[in-house]
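Under my numbering, the first residue of the sequence shown carries the number -15, and numbering increases by one thereafter.
A short write-up of the structure that comes next.
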Amino acid sequence: MVSRLILLRHGLTEGNLKGWFYGGVDIPLAPQGREALCRLRDKGVYPEVPDDAQFIVSGLERTVETLRILYGEREYKVIPELQEMRFGEFECHTYDEMKGNWKFDRWILDETGDAEPPGGESRNEFRSRVSAGRKKLIGLHRLKMWSHRHGGQDAVTVTVCHGGVIAAMMMELFPDVNGNMWDWIPEPGFGYIVEIQEGEAVSYEKITDIRRLGFGLMRLPMKEKEIDIETVKQMVDLFMKRGYNYFDTAYSYHNGESEAAVKEALVDRYPRDSFYLATKLPAFLAKSEEEAKEIFETSLRRTGAGYFDYYLLHNLGEDRTHFYEDYHLWDFVKEKKEEGKIRNFGFSFHDKAERLEEVLAAHSDVDFVQLQINYMDWEDEAVEARKCYEVARAYAKPIIVMEPVRGGNLVNLPEGPAKLLEAADPQAGQASWALRFALGLPGVLTVLSGMSDLAQMEDNLNTADNGKPLTKDEQALLEKVAEEMRSLPSIPCTNCGYCVKGCPQGIVIPGIFKAMNNRSLYHDPGAQGTYKWQTRDGGVASRCIECGQCEEVCPQHIGIIQELAAAAEIFE
C-alpha cells in the first residue's frame, strides 16, 4: 500500500503578480493563474490519485478554486490552521510601499520571531498555528491509512494551501534537512509529494513540470566534422512531441557549436516558454575574471535564448572550485538572476561528498546541483555517487543526474554482466536498466542522456515513458552487475572531453581510452581498428609530452599520462 501526502500551493493570484504581502485576505486566482493551472494539469504534471483520495484545503477561495481546476468537483475538508500568515495592516502592500514605516521595519528586521504586524500575527504564532494544522492533517491521513489497512488500497491525501504554510510543514516533517523556509517554498501551482510510512514522513519529491528525462547536447550526431543539424532538429522535434522539455548544453560542448545548434534546432523553432534550457560556465578555462564573466554573455548570444532557465557553474571539484571564488562568480550569477537572465542557478560537481558538503554549506542558496549518478558509481570509492546524492538531499536541493550510462559504458557491458541482465529481462536494453536506476531516485529533477541519434532517443523516451521503478530484486541485480564490472580492469573515462581542450599535442584521449577499454574490458577484437579510427587525424598516444594539463582537469582523476604510454605500446 502506498501512503502519500500531496502538498500543493494554490495558483497565481493578483497578490503574487503585484508582490504583495497577503495571507488572511481572501482573493481569488488571477486569470493567468487559472490558465497556468489548466496548462499544467493538461500536461500531466499533477499526480493521479485514487477515486477515494482525501482532499483538504485551507478554506480560502484560492485554495478551493485550485483544487477544482486540478481534480474537479470533490468533497473536501477544511483545516483553517493551514491558512497563510496574517499580515494585518501590511496586507495587500509591497515591500517598497512599506519600507521606512517604523512598524514595518520593526517587524521585518525582527530576529526573534515575536514581533507582530499591527492586527496580524508574529512568525512564531504562525509557525505554532501551522504546526497544529499539520498535526490535524497527519491525523486525518492516518485515519485514511487505517481504513485501508486490510484492503491494501493506496492512501492519498491531497492538501491545497499556501507557500509559507507548505514550507513550515516541510521543515517540521524533515527536520534533518538543512535549509531555511525560503528553500522550501514552492512556486504557485507546485508543491511536494511526501511518502508516509508508519505514520511518519520518510521521503519527499518536488512537483515540477520538467519531465524526468533531459536531452544532453554534449554528444550530438556528426556529419563529417560538423554537427548534423538536420538530425538534431529531428531529435528536438521528437523530444518535444513526446512531451519532454529540458535541454542541457554548455559553453564548451562541441567547441561552442552545441550552443549554436541549440539556437538553430530549438530556440528559433519553438516558443521560449515551451522548454527549459541549461548551459554552463567553465571558469577554469578563463584567464581572468572579465573573461570568465564574458562567457555568460557569449552563451546568451550563441543560443539567442534571452535567459537561461538553469545556469550552472561548471565542473566544481578539486583544484577547479577556487576559480569561481577568485572570479566572484557566485555573486555574478546571483546578479544575473536578479536581472532575470537566469531563473535558477546551481553547479555541476565532480569530487568527493565531503567537498560537496563544503560547497553547499558555503553556498546554500543554490537552486539545484548536478551530479554524476549511475549504478556503477553508486558505491564507487572515487566517485561517491551515493554519498554525494545524500548530501544534496540533506540540503533539500533538487538533483539533476548526469552520466546515467557512464559515458556509454553501461550500454556495452562485458559478456558476464550482460547475461545477468538479459536473463532477468530479455526484452530490456542495457541502457534502460541504467536509466531506470537514475529515474527512480527520489529528489531527481531530471536525468540527462547524451543521445547521439534518433534510435537512442526513441529507446530512452520509451524507458522514461514507462516510468517503471526498479524492484528490490532488480536493484540487487544491478548491485551484482556493478560488483562484477568493478572486478574487471578498465579506464573510468566518461568521454567528457575536458582533457582534449588543453592538450597542446591534440591527442584524442577519450577515443584512445575507448579503444583501450574495448580491448581490456569488452575483449573487442576490433580495438586496433577503433584506435586507428579515433586517431585518424594524428592525435596518437605517443605524442604525449607528459605536461600534465589533462590530468589537472580530468573529473575522473585518471592517470592519463601512464595510460597513454600503455596505449602507445599496445597500438603503435
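Built from N, CA and C at the ideal position, the CB exists for glycine as well.
Small disclaimer: the values here were computed from a predicted structure and weren't measured.
Along the length of the region 255 to 284, whole alpha helix (DSSP H) runs at least 4 residues long do not occur.
In this structure, SER332 keeps its C-beta atom at 7 angstroms or more from the C-beta atom of ALA139. Taking a cut-off of 8 angstroms on C-beta distances, the region 57 to 76 touches the region 140 to 151, as three or more cross pairs fall below it. Taking a 10 Å sphere around the C-beta of CYS22, we find fewer than 16 other C-beta atoms and assign the residue as exposed. Boundaries for ILE544: no beta strand (DSSP E) harbours it, while the alpha helix (DSSP H) harbouring it runs 544 to 555, taken from the DSSP string.
Distance from the CA of GLN137 to the CA of ALA37, rounded to the nearest whole angstrom, comes to 10 angstroms. Scanning SER131, HIS347, GLU95 and GLU275 for the CA closest to the CA of ALA380 turns up HIS347. Counting only the Cα atoms, ALA276 lies some 9 angstroms from TYR308. DSSP places GLU189 in the uninterrupted beta strand (DSSP E) bounded by 184 to 191.
Between the alpha carbons of ARG118 and GLU365 lies a distance of about 41 angstroms.
Within the same chain, Cβ atoms closer than 6 angstroms to the Cβ of ALA270 are found at ALA276, the five residues on either side in sequence being excluded. Residue environment analysis places ASP361 among the buried positions, since at least 16 neighbouring C-beta atoms fall within 10 angstroms of its C-beta. The beta carbon of LYS128 lies closer than 7 angstroms to those of GLN38, ALA139 and THR141 in the same chain, with the five residues before and after it left out. DSSP lists no beta-bridge partner residue for ILE11. Between the region 371 to 388 and the region 417 to 431 there are three or more C-beta pairs closer than 8 angstroms, enough to call the two in contact. ARG420 and THR478 do not touch by the CB rule: their CB atoms are close to 20 angstroms apart, not below 8 angstroms.
Between ILE11 and GLU19, the C-beta gap is not smaller than 7 angstroms, which leaves the two residues out of contact. For ARG203, no alpha helix (DSSP H) segment is defined, and its DSSP state is neither H nor E. By the Cβ criterion, the region 231 to 251 is in contact with the region 279 to 290, since at least three pairs of Cβ atoms, one from each stretch, lie closer than 8 angstroms.
For ASN108, the enclosing alpha helix (DSSP H) has its first and last residue at 107 to 131. Straight through space, the alpha carbons of ARG126 and GLU322 are spaced by roughly 43 angstroms. In this structure, the CA atom of TYR254 is about 35 angstroms from the CA atom of GLY486. Listed in chain order, the beta strand (DSSP E) runs fully inside the region 40 to 87 amount to none, counting runs of at least 3 residues.
Look at SER474 here: in three-state DSSP terms it is coil, with no helix or strand label. In this structure, LEU548 lies near CYS528, with their beta-carbon atoms less than 7 angstroms apart.
Here ASP303 has GLU536 as same chain residues with Cβ atoms under 8 angstroms from its own Cβ, once five neighbours each way along the sequence are excluded. Using a 10 angstroms sphere on the CB of ALA337, the tally of other CB atoms reaches 16 or more, which defines it as buried.
Nearest in C-alpha terms to GLY490, of all of LYS452, GLY522, GLU274 and GLU65, is GLY522. Pairwise C-beta distances place the region 186 to 205 in contact with the region 228 to 242, as three or more of them are shorter than 8 angstroms. Contact between GLY28 and GLY173 does not hold, since their C-beta atoms are separated by about 14 angstroms, which reaches or exceeds 8 angstroms. Secondary structure at GLY513: helix, using DSSP grouped into helix, strand and coil. Around the beta carbon of TYR79, a 10 Å sphere encloses fewer than 16 other beta carbons of the protein chains shown; the residue is thus reported as exposed. Residue state for HIS146 is assigned as coil, using DSSP reduced to three classes.
Taking the Cα positions, PRO205 is about 37 angstroms away from GLY175. Taking 7 angstroms as the cut-off, the Cβ atoms of VAL353 and GLY330 count as close.
Secondary structure at ILE177: strand, using DSSP grouped into helix, strand and coil.
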